[in-house]
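Scroll down for the structure; my scribbles are underneath it.
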Amino acid sequence: MLQVATLQADSLACERGGRLLFKALEFTLAPGTLLRVAGPNGSGKTSLLRILCSLARPAAGRVLWSGEDAHALGEDYTRRLAYLGHQSALKEDLTPRENLRFALRLTGLAPPEAALGEALARLGLAGREDVPARYLSQGQKRRAALARLALAQELPLWILDEPLAALDVDAIETVVALITAHLDAGGMTVLTTHQEIAFASASILHVVLRG
Amino acid sequence: MRSALSATIGIIERDLRLAFRRKGDVAQVLVFFVIVASLFPLGTGAEPNQLRAMGPGVVWVAALLAALLSLGRLFAADHADGSLEQLMIAAHPLTATVVGKTLAHWLTTGLPLTLLAPLIGVQYDLPAPALAALVASLALGTPVLSLIGAVGAALTLGARGAAVLLALLVLPLYVPVLVFGAGAVGATLIGLPHGAHLSLLGAFLAFSIVFAPWATCAALRIALD
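Residue numbers (our numbering), protein chains in the order written: chain W, 1 to 211; chain S, 1001 to 1225.
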């Protein structure tokens, strides 16, 4: 049976510290679609992304992956997604190469060593691959975390929290190109960003949280 | 199953590599252990019979406190830099991660403590059979300290005053291990067999291997929700 993967929000609600951030949130994300979550600070963008990753439980509603409850699917769901959180999840004592290798291993990917170097070079970290991450600048750390995307094209769902923050123009261009390639290949991406970036090819869905 | 095993090995490898990069953290725990265990003779006077009598208890309490000291960094560092979120949504079950992290914690604290203990034991003039019992009891007991400690570390994750809370939560649970661990050495000192003590420690270990990782996973899920 051929089933096209979809990510669906089924009347999601989120409560933080006794305050209702959003409720009755509905959308369906089909392959090749970008979902852009917008809203002011504190409107629940990160909370929504964490719910979509099944890191947090919604106050009401469900996240459905191809019609099945994502929370119940457990690892069968999470091994399909690449999540980049607010924090870069970079170990300061490990080098970008080691960080990248471990991050990919967690998602069940084991690309050849040469590919790790290429991915880091693509994000402009050539020559810095084997320096402990603590000696990198904020932007370079973010680049090191994003290098994962260059090797995670086969994961159908990317969930990215402010992927473009702290990046310079060149890096933004690279990341946008990676996301576009992912969408063109039939992947889905959910992202939040405050930057005005135009994604040329993709079909885009907008969710605006009012707070 | 295979993938869960390789995931566990991957986590152990990562945590050992991190520990190796921060040798100071591991050394701190061991130095703390040695200093605490060495303070008692200074305070109580160096009467050999008295030292021999209190040796097992002191070494065990020092090991317990040293293990407690190191628990804070079991999940807190990964929580602070966002790595824990990535570990929670990995392609393998969370249990594999927790087992790997707990084992790595034991390899960097419990195991060196066990290997260092005979040295402290000699300070207390413990005879060879008692030293053997000390090492055997620590080898069985320190993994329990790591397993139970992991539950406490996960429960207090992100709480204010987590270090004190962790001590209050975990120390009472360490009591049975302390009683039978120090008891095994004490029994040997007065010429009694210590097999029963070690069997009980083994039973604690078996029990906590089954239940502690499960409880730790549940606590982590709550902490990150």
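The C-beta atom is built at its ideal place from N, Cα and C for all residues, glycine as well.
Hey, would you say residue 1026 of chain S sits closer than 8 angstroms to residue 1108 of chain S, going by beta carbons? In the second sequence, residue 1026 of chain S corresponds to position 26, counting from 1. In the second sequence, residue 1108 of chain S corresponds to position 108, counting from 1. Yes, the Cβ-Cβ distance between residue 1026 of chain S and residue 1108 of chain S is below 8 angstroms.
Check whether chain S comes within 8 angstroms of residue 206 of chain W, counting only Cβ atoms and requiring the distance to be less than that. Within the first sequence, the letter at position 206 stands for residue 206 of chain W. Closer than 8 angstroms: no.
Should residue 95 of chain W and residue 133 of chain W be called a contact, given that it needs their Cβ atoms to be closer than 8 angstroms? As a position in the first sequence, residue 95 of chain W is number 95, starting the count at 1. As a position in the first sequence, residue 133 of chain W is number 133, starting the count at 1. Yes, the pair counts as a contact, with Cβ atoms nearer than the cut-off.
Count the C-beta pairs between the region 59-66 of chain W and the region 1048-1065 of chain S that are closer than 8 angstroms, then say yes if the count reaches three, no if not. no
Residue interval of the alpha helix (DSSP H) (run including residue 91 of chain W): For the purposes of this step, residue 91 of chain W is identified with residue 91 of the first sequence, where counting begins at 1. Looking at the DSSP string, residue 91 of chain W is not in any alpha helix (DSSP H), and its letter there is neither H nor E.
Classification of residue 1208 of chain S by the beta-carbon crowding that lies within 10 angstroms, buried from 16 upward: Here residue 1208 of chain S is taken as the residue at index 208 of the second sequence, counted from 1. Under this definition residue 1208 of chain S is a buried residue.
Determine, using beta carbons only, whether residue 1086 of chain S comes closer than 8 angstroms to chain W. For this step, residue 1086 of chain S is matched to residue 86 along the second sequence. True, the Cβ-Cβ gap to chain W drops below 8 angstroms.
Buried/exposed call for residue 1023 of chain S, threshold 16 Cβ in 10 Å: The residue given as residue 1023 of chain S occupies position 23 in the second sequence. Exposed, because fewer than 16 other Cβ atoms sit within 10 Å of the Cβ of residue 1023 of chain S.
Excluding the five sequence neighbours on either side, which residues of its own chain have a C-beta within less than 6 angstroms of the C-beta of residue 1070 of chain S, listed in chain order? If you number the second sequence from 1, residue 1070 of chain S lands on position 70. Closer than 6 angstroms at the Cβ level, and outside the excluded window around residue 1070 of chain S, lie 1029 and 1109.
Three or more C-beta pairs closer than 8 angstroms, one from the region 138-145 of chain W and one from the region 60-76 of chain W: is that the case here? no
Buried or exposed for residue 51 of chain W, going by 16 or more other Cβ atoms inside 10 Å? Your numbering for residue 51 of chain W matches position 51 in the first sequence. Looking at its Cβ environment, which holds 16 or more other Cβ atoms inside 10 Å, residue 51 of chain W is buried.
Using only the alpha-carbon positions, how far apart do residue 1231 of chain S and residue 1092 of chain S sit? Lying before the first or after the last residue shown, residue 1231 of chain S is absent from chain S, which here runs from 1001 to 1225.
Check whether chain S comes within 8 angstroms of residue 192 of chain W, counting only Cβ atoms and requiring the distance to be less than that. To locate residue 192 of chain W, count along the first sequence from 1; it is residue 192. No, its Cβ sits nowhere closer than 8 angstroms to a Cβ of chain S.
Near-chain W residues of the region 1089-1118 of chain S (beta-carbon distance less than 7 angstroms), N- to C-terminal order: 1089, 1090, 1091, 1092 and 1093
Across which residues does DSSP place residue 189 of chain W in a beta bridge pair? Along the first sequence, one-based indexing puts residue 189 of chain W at 189. According to DSSP, which records beta bridges pairwise, residue 189 of chain W is partnered with W/34 and W/158.
In or out: residue 99 of chain W buried (at least 16 other Cβ within 10 Å) or exposed? As a position in the first sequence, residue 99 of chain W is number 99, starting the count at 1. Looking at its Cβ environment, which holds 16 or more other Cβ atoms inside 10 Å, residue 99 of chain W is buried.
Would you mind telling me which residues of chain W sit closer than 8 angstroms to residue 1018 of chain S, beta carbon to beta carbon, in chain order? On the second sequence, residue 1018 of chain S is found 18 positions in, with the first residue counted as 1. Residues of chain W passing the Cβ test: 91, 93 and 94.
Can you tell me whether residue 2 of chain W is buried or exposed, with buried defined as 16 or more other CB within 10 angstroms of its CB? Start at 1 with the first residue of the first sequence, and residue 2 of chain W comes out as number 2. Only weak support is given to the placement of residue 2 of chain W: the predicted model assigns it a pLDDT of 40, under 50, and the question is left unresolved by the model.
Grab me the residues of residue 1105 of chain S's own chain with a C-beta within less than 6 angstroms of its C-beta, minus the 5 sequence neighbours each way, in chain order. Locating residue 1105 of chain S in the second sequence gives position 105, counting from the first residue. 1074 and 1146, listed in sequence order.
From residue 210 of chain W to residue 33 of chain W, what distance separates their C-alpha atoms? Against the first sequence, residue 210 of chain W aligns to sequence position 210. Against the first sequence, residue 33 of chain W aligns to sequence position 33. Their Cα atoms are separated by approximately 23 angstroms.
For residue 1016 of chain S, which residues in the same chain have their Cβ closer than 8 angstroms to its Cβ, ignoring the five residues on either side in sequence? The sequence position of residue 1016 of chain S within the second sequence is 16, counting from 1. Contacts found: 1104, 1107 and 1108.
Is residue 72 of chain W close to chain S? Criterion is C-beta to C-beta, closer than 8 angstroms. Reading the first sequence from its first residue, position 72 is the one you call residue 72 of chain W. Not one chain S Cβ lies under 8 angstroms of residue 72 of chain W.
What alpha helix (DSSP H) runs, 4 residues minimum, are completely inside the region 1072-1119 of chain S? 1083-1088 and 1094-1108
Look up residue 204 of chain W in the DSSP assignment and give the residues it is bridged to. By 1-based counting over the first sequence, the position of residue 204 of chain W is 204. Looking at the DSSP assignment, residue 204 of chain W forms a beta bridge with W/34.
If we count the other Cβ atoms within 10 Å of its Cβ and call it buried at 16 or more, is residue 194 of chain W buried or exposed? Taking the first residue of the first sequence as 1, we reach residue 194 of chain W at position 194. Label assigned to residue 194 of chain W: exposed.
Within the continuous beta strand (DSSP E) that includes residue 153 of chain W, where are the two ends? Counted from its first residue, the first sequence places residue 153 of chain W at position 153. Note, residue 153 of chain W: premise wrong, no beta strand (DSSP E); not H, not E.
Would you call the region 16-31 of chain W in contact with the region 110-124 of chain W, where contact means no fewer than 3 C-beta pairs closer than 8 angstroms? no
Hey, does residue 2 of chain W have any beta-carbon neighbour from chain S nearer than 8 angstroms? The residue given as residue 2 of chain W occupies position 2 in the first sequence. Confidence in residue 2 of chain W is poor, its pLDDT being 40 and thus under 50, which makes the residue's placement unreliable; the coordinate value appears in the next sentence. Chain S contact via Cβ: absent.
When Cβ atoms are compared, which residues of the region 123-149 of chain W fall closer than 8 angstroms to chain S? 132
From W/22, W/12, W/28 and W/11, residue whose alpha carbon lies closest to that of residue 216 of chain W: Within the shown structure, residues of chain W are numbered from 1 to 211, placing residue 216 of chain W beyond reach of any answer.
Do we get a CB-CB distance below 8 angstroms when we pair residue 13 of chain W with the residues of chain S? Translated into the one-based positions of the first sequence, residue 13 of chain W becomes position 13. Not an interface residue.
Cβ contact (3+ pairs, closer than 8 angstroms) linking the region 1158-1165 of chain S and the region 1134-1150 of chain S: no
Return helix, strand or coil for residue 2 of chain W, following the three-state DSSP convention. The count along the first sequence starts at 1 and reaches residue 2 of chain W at position 2. At residue 2 of chain W the pLDDT is 40, less than 50, meaning the model places this residue with poor confidence; the figure from the coordinates comes in the next sentence. Residue state, collapsed to three classes: coil.
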